[in-house]
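Chains as they are written, first to last, in this note's numbering: chain A, 1359 to 2317; chain B, 20 to 178. Beta carbons: idealized from backbone N, C-alpha and C, even for Gly. Take a look at the structure below.
Below, the structure is given as structure tokens:
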């Protein structure tokens, strides 16, 4: 596959439906009204020289290179800023234009170093290309005058010269190569929405500045890479390109971090990854990226990766490297032994939301068809299982209703329990763009997240509720809408069950649910709730985006239903710009749920007790399936402690670190007789493992990921697996060792099996994905192109279902011993338990977890910013450093969970969602006190960690 | 006046200026002018405060401040003498006047005398071309300068 060079049309696409025809260089071209002459020319295949224009940003008109002549008009207008008009006759190349362009290029080059041969952008430099395009042969001004190029001129310090800024771990800024086209500044503003860059000074003194003439690392820069991508020269360039050189081929693939599912071009030189560049045709990201997807892939070649299988008898034994055959044989015989000794239901598996659909499908198939039980679960249990349940109940499908493009048409957005600028950054940028265009925002979050107030963004309302009171607040919003007559009655009568609506309306109208009545418990001023409700009900297209701040509660499922009610009562379902949008945490958490990872559901969310569905799989797999749902993760752990569950196959999930109540998890794992962990690294869970099977990264395998908008994106292998095998091959070989006859030779065959058995994937195949780029399920004969928006003409379940959402306070309550509420979240530069991002230079931004605490609470306890504090709950205690900030309200503390030595989940309790057992990560009563060292748990854990990570016998290298 | 203010104080005083002007349409420039009037320059510590209060980024405020030469990043001397360096004044002997003034003050453009009395700056047209060469001392314009009148102006400034 050659290097993909995307066409740069110079200015963004016009959305107008009116078409305009004009002539460019004798060629007739028809384009939408509002298109620039530059873009129209490119559509006709004519490339007008340009430097400051790029189609990711609006036209700027500063480089004066794209001038054209138009018959009947004076002068030489810039083609980027001049819109098309009917009948225009445009000439892009005349004697006059040639002269002007050469003159302009001479000026640029007179203040640009002539080091092309040793320049990192050599071969990928638009300035170089334009010098060639305009036929630059001479620079009459010479190079001796004032310049930004040399540190010293004739022995004297050059006041215009600025040294390179290499503070960002991933890219360098060399001001001496800058042509001040402002593309980076505009990319930061228009695409990313951070506004971290500016042009400082004026005239000849103009230079790009990060923040207030700061180093990039100290500035507001979030390292999304948009500026680097926009830079036409080597001024802003990836350090990897400086180190390696220009790539020679590229492969389009999908990012393996969050649920946005950005498409990237993996640009390669041989099998070495040179850089990841966001792909403009990617429908989730539209050419944008964040610091994780763009830069944080170094973990894939990190020395911590385990590349050989290992086994051991006891977890206190050192690991022993073995051949794959020995590892499979050991795991298989142990699993069979355990089943013989403790019964068929005594083993199970955990699928990974980080792995592909095909791999996930195989693991659940191994459990159901191979182990002969339904003991399969996935990490969605601890994040979005309430979404699956709640939306399934209300609408009939367990997924978000929109595509990400929908945000471009929304007018009022509710963000609840989500922090998109940190956890779903590319969606965050797309949302910010819409907000800058005038859409209104309501944030419901205990913390003042960035979207509440940041450059050019101001939430209309921030409802800083007390953690655990989502249901009360959302129901209060519904109360206002119903009692103030703001319901969309026409929509409800047409689309929902009217009797259920009446019952629900009567329920929410009860004065007990009014904002005034709930203020005391939610902490949100009643008037703010009323105003927010009115805005959402009357402000046009209303959309709701939510995250784990909704689901990870004892009332997670209820809150999801309350959100569904709110969307239905305001008629905000079934068209672009509206909808209910769960922001899925992991790259393939949607897919892992779709693939039947839950103990009660076969692929496509069909209950295991359904005879017809079971029949489909029994015929395909040639086995008899158990109609009884299996155990959930926490039930497996309980059963392990009780002695009835003894073996577990865990693919790509670190349950010890990511699941609540770490002590409970470790007790469960410790009680098991055979724990098989398949992962990139010796993760925390692997401390309790007996067999370790090395995993492969997303760069090393083929497959598909399904993102938060139900989009099935291709993952393509760009390099040979360092461990030798893709994860699906490992699962297949393990199955074979257990005597199961599987013969998949490529993931496409697994997808064909999924399509054959699962109606919502019926028309999906690798060939079709190749043709379409990506599709959103359902993709079948009814929706051959896939389904960007769901529930367009009616709900999947028929009539939309209003469900009463009684607020029941969690049992986790503050009291004199634990007076503060802890809630948890993520930060931009780190990802989940940090297994990957901690092994990249992203630690430059977030080297440790910090405890955010309000200045009042800090002062009461004598805690200063940066002090070590002891964080204790009823479950356990840990220590970390404090960050004193008013981002959190008094009475609330907040931390991230990216670092294993912090172990925030030692603190969290085992309370969970009533319907799905999704743990209550977001509310824990805690106390905070000054401390001077690690807790007993941390010391004990460190000791254990040392003991359980020893690797003795290394295998000789195969060659 | 040459005022050196401490960090916390700058923040507080900046905030009260911002509060008084934030409702204006396009409040950034009026705020910067007031801040300069208050502190004699635009203290770097006030930039993040302005950025936060106006929902701008630090970079944007920095970009605006550095674009206008009249916004000072350091305090000026007690008096500011601006000599016009534009075409009309140059053609009427402005260069000689400038050299004379520099020699008398012992400083170059953009510098302040050691005693903090005078800051010397070039300016590109005071709109007083008919009376070239011209200058401005603390906001008052002076025309038809020659070395002698320039000397008088400098002496006045040094007092």
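inquiry  = I want to verify the contact list: residues of chain B whose CB lies under 8 Å from the CB of residue 1640/A, in sequence order.
reply    = As a first step, residue 1640/A must be located in the first chain, where it is residue number 282. Near residue 1640/A there are no residues of chain B at all, since even the closest Cβ is about 27 Å away, more than 8 Å.
ask   = Are the C-beta atoms of residue 131/B and some chain A residue less than 8 Å apart?
value = The sequence position of residue 131/B within the second chain is 112, counting from 1. No, residue 131/B lies away from the interface with chain A (no Cβ there is under 8 Å from its Cβ).
key: Of the residues 2270/A, 2252/A and 2234/A, the one placed nearest residue 2264/A, counting alpha carbons only   = Walking along the first chain from the start, residue 2264/A turns up at place 906. Here the closest residue by C-alpha is 2234/A.
query = Under 8 Å between C-beta atoms, does residue 79/B make it to chain A?
reply = Here the question's residue 79/B lines up with position 60 in the second chain. Taking 8 Å as the CB threshold, residue 79/B lines the interface with chain A.
key: Listed by chain order, chain B residues near residue 1560/A by CB distance under 9 Å   = By 1-based counting over the first chain, the position of residue 1560/A is 202. Neighbourhood of residue 1560/A in chain B, by CB distance below 9 Å: 85, 86, 87 and 88, in chain order.
inquiry  = Please tell me whether residue 2154/A and residue 1753/A are closer than 8 Å, where the distance is taken between their beta carbons.
reply    = In the first chain, residue 2154/A corresponds to position 796, counting from 1. In the first chain, residue 1753/A corresponds to position 395, counting from 1. In contact: residue 2154/A and residue 1753/A (Cβ atoms closer than 8 Å).
inquiry  = Short of 9 Å Cβ to Cβ, which residues in the stretch 1804-1825 of chain A face chain B?
reply    = Residues 1811, 1812, 1813, 1814, 1815 and 1816.
query = What is the residue span of the alpha helix (DSSP H) that residue 82/B lies within?
reply = To locate residue 82/B, count along the second chain from 1; it is residue 63. Here the alpha helix (DSSP H) through residue 82/B covers 77-86.
task = Would you check if there are 3 or more beta carbon pairs closer than 8 Å linking the stretch 1828-1848 of chain A to the stretch 1866-1875 of chain A?
result = As far as the Cβ criterion goes, the stretch 1828-1848 of chain A touches the stretch 1866-1875 of chain A, which means the pair count is three or higher.
key: Residues that DSSP places opposite residue 2009/A in a beta bridge   = Your numbering for residue 2009/A matches position 651 in the first chain. Bridge partners of residue 2009/A: 2036/A.
ask   = Do you know offhand how far residue 1995/A's Cα is from residue 1793/A's?
value = Indexing the first chain from 1 puts residue 1995/A at position 637. Indexing the first chain from 1 puts residue 1793/A at position 435. In a straight line, the C-alpha of residue 1995/A is about 45 Å away from that of residue 1793/A.
key: residue 46/B beta carbon less than 8 Å from that of residue 103/B   = For this step, residue 103/B is matched to residue 84 along the second chain. For this step, residue 46/B is matched to residue 27 along the second chain. By the CB criterion at 8 Å, residue 103/B and residue 46/B fall outside the cutoff.
ask   = Using Cβ-Cβ distances below 8 Å, what residues of the stretch 43-57 of chain B are close to chain A?
value = If you check each beta-carbon in the stretch 43-57 of chain B against every beta-carbon of chain A, none falls closer than 8 Å.
query = If we cut at 8 Å on Cβ distances, does residue 1594/A have a partner in chain B?
reply = Looking up residue 1594/A in the first chain gives position 236. Not a single CB atom of chain B sits nearer than 8 Å to the CB of residue 1594/A.
query = Based on the DSSP output, what are the partners of residue 1700/A in its beta bridges?
reply = Position 342 of the first chain, counted from the first residue, corresponds to residue 1700/A. DSSP lists no bridge partner for residue 1700/A.
message = Check whether the stretch 2215-2234 of chain A and the stretch 2141-2158 of chain A touch, using three or more Cβ-Cβ pairs below 8 Å as the test.
response = By the Cβ rule, the stretch 2215-2234 of chain A does not count as touching the stretch 2141-2158 of chain A, because fewer than three pairs are nearer than 8 Å.
Classification of residue 1942/A by the beta-carbon crowding that lies within 10 angstroms, buried from 16 upward = The count along the first chain starts at 1 and reaches residue 1942/A at position 584. It is buried - the Cβ of residue 1942/A has at least 16 other Cβ atoms within 10 Å.
message = Taking the alpha carbon of residue 1656/A as the reference point, which residue from 2119/A, 2055/A and 2062/A has its own alpha carbon closest?
response = For this step, residue 1656/A is matched to residue 298 along the first chain. Selected option, being the one with the closest Cα: 2055/A.
request  = For residue 93/B, go through chain A and note every residue whose CB falls closer than 8 Å to its CB, in chain order.
outcome  = The residue labelled residue 93/B in the question sits at position 74 within the second chain. None at all; the shortest Cβ gap to chain A is about 14 Å.
inquiry  = Please tell me whether residue 2074/A and residue 1659/A are closer than 8 Å, where the distance is taken between their beta carbons.
reply    = Against the first chain, residue 2074/A aligns to sequence position 716. Against the first chain, residue 1659/A aligns to sequence position 301. The answer is no: Cβ separation not under 8 Å.
task = Please determine, among 1521/A, 1476/A, 1718/A and 1467/A, the residue with the shortest C-alpha to C-alpha distance to residue 1499/A.
result = Residue mapping note: residue 1499/A aligns to position 141 of the first chain, counting from 1. If we check each option's Cα against that of residue 1499/A, 1467/A comes out closest.
ask   = When you compare each of 2152/A, 2092/A, 2070/A and 2093/A to residue 1325/A by their alpha carbons, which one comes out closest?
value = Absent from the model: residue 1325/A. The displayed extent of chain A is 1359 to 2317, so no value can be given.
request  = Could you name the residues of the same chain whose beta carbon sits closer than 6 Å to that of residue 2223/A, not counting the 5 residues immediately before and after it, in chain order?
outcome  = Locating residue 2223/A in the first chain gives position 865, where the first residue counts as 1. Counting only residues of its own chain and dropping the five nearest sequence neighbours on each side, residue 2223/A has a CB closer than 6 Å to the CB of 2242.
query = Exposed or buried, what is residue 1948/A when buried is set at 16 or more other beta-carbons lying within 10 Å of its beta-carbon?
reply = Against the first chain, residue 1948/A aligns to sequence position 590. Looking at its Cβ environment, which holds 16 or more other Cβ atoms inside 10 Å, residue 1948/A is buried.
message = Just to confirm, is the Cβ distance from residue 1945/A to residue 1614/A under 8 Å?
response = For the purposes of this step, residue 1945/A is identified with residue 587 of the first chain, where counting begins at 1. For the purposes of this step, residue 1614/A is identified with residue 256 of the first chain, where counting begins at 1. At a Cβ-Cβ threshold of 8 Å, residue 1945/A and residue 1614/A count as neighbours.
ask   = In terms of residues, what are the limits of the beta strand (DSSP E) holding residue 2105/A?
value = For the purposes of this step, residue 2105/A is taken as the residue at position 747 of the first chain. Taken as a continuous stretch (DSSP letters only), residue 2105/A belongs to no beta strand (DSSP E), being part of the alpha helix (DSSP H) at 2105-2115.
ask   = Any Cβ of chain A within less than 8 Å of the Cβ of residue 40/B?
value = Translated into positions along the second chain, residue 40/B becomes position 21. No, because no Cβ of chain A sits closer than 8 Å to the Cβ of residue 40/B.
task = In the DSSP assignment, find the alpha helix (DSSP H) that holds residue 1787/A and state where it starts and stops.
result = One-based indexing of the first chain puts residue 1787/A at position 429. From DSSP, the alpha helix (DSSP H) with residue 1787/A extends over 1783-1794.
message = Once DSSP output is grouped into helix, strand and coil, what is the label at residue 2256/A?
response = Numbered from its first residue, the first chain carries residue 2256/A at position 898. Note: residue 2256/A maps to coil in three-state DSSP.
ask   = What residues of chain B sit near residue 1569/A, judged by a beta carbon separation below 8 Å?
value = The residue labelled residue 1569/A in the question sits at position 211 within the first chain. Those are 76, 77, 78 and 81, listed as they occur along chain B.
Chain B within 8 Å of residue 1577/A, Cβ atoms only = Position 219 of the first chain, counted from the start, is the residue given in the question as residue 1577/A. With its beta carbon less than 8 Å from one in chain B, residue 1577/A belongs to the interface.
query = What separation, rounded to the nearest whole angstrom, lies between the Cα atoms of residue 1981/A and residue 1951/A?
reply = Stepping through the first chain from its first residue, residue 1981/A is reached at position 623. Stepping through the first chain from its first residue, residue 1951/A is reached at position 593. When rounded, the distance between both Cα atoms is 22 Å.
task = Would you check if there are 3 or more beta carbon pairs closer than 8 Å linking the stretch 1448-1458 of chain A to the stretch 1472-1481 of chain A?
result = A contact is defined here as three or more CB-CB pairs under 8 Å, and the stretch 1448-1458 of chain A fails this definition with respect to the stretch 1472-1481 of chain A.
query = If we ignore side chains and look at the alpha-carbon of each, how far apart do residue 1585/A and residue 167/B end up?
reply = Here residue 1585/A is taken as the residue at index 227 of the first chain, counted from 1. Here residue 167/B is taken as the residue at index 148 of the second chain, counted from 1. Their Cα atoms are separated by approximately 55 Å.
message = Is the beta carbon of residue 2086/A closer than 8 Å to that of residue 1727/A?
response = Within the first chain, residue 1727/A is the residue found at index 369, counting from 1. Within the first chain, residue 2086/A is the residue found at index 728, counting from 1. No. Outside cutoff.
inquiry  = Measuring straight from C-alpha to C-alpha, what distance separates residue 1647/A and residue 1582/A?
reply    = Residue mapping note: residue 1647/A aligns to position 289 of the first chain, counting from 1. Residue mapping note: residue 1582/A aligns to position 224 of the first chain, counting from 1. So the alpha carbons of these two residues sit roughly 6 Å apart.
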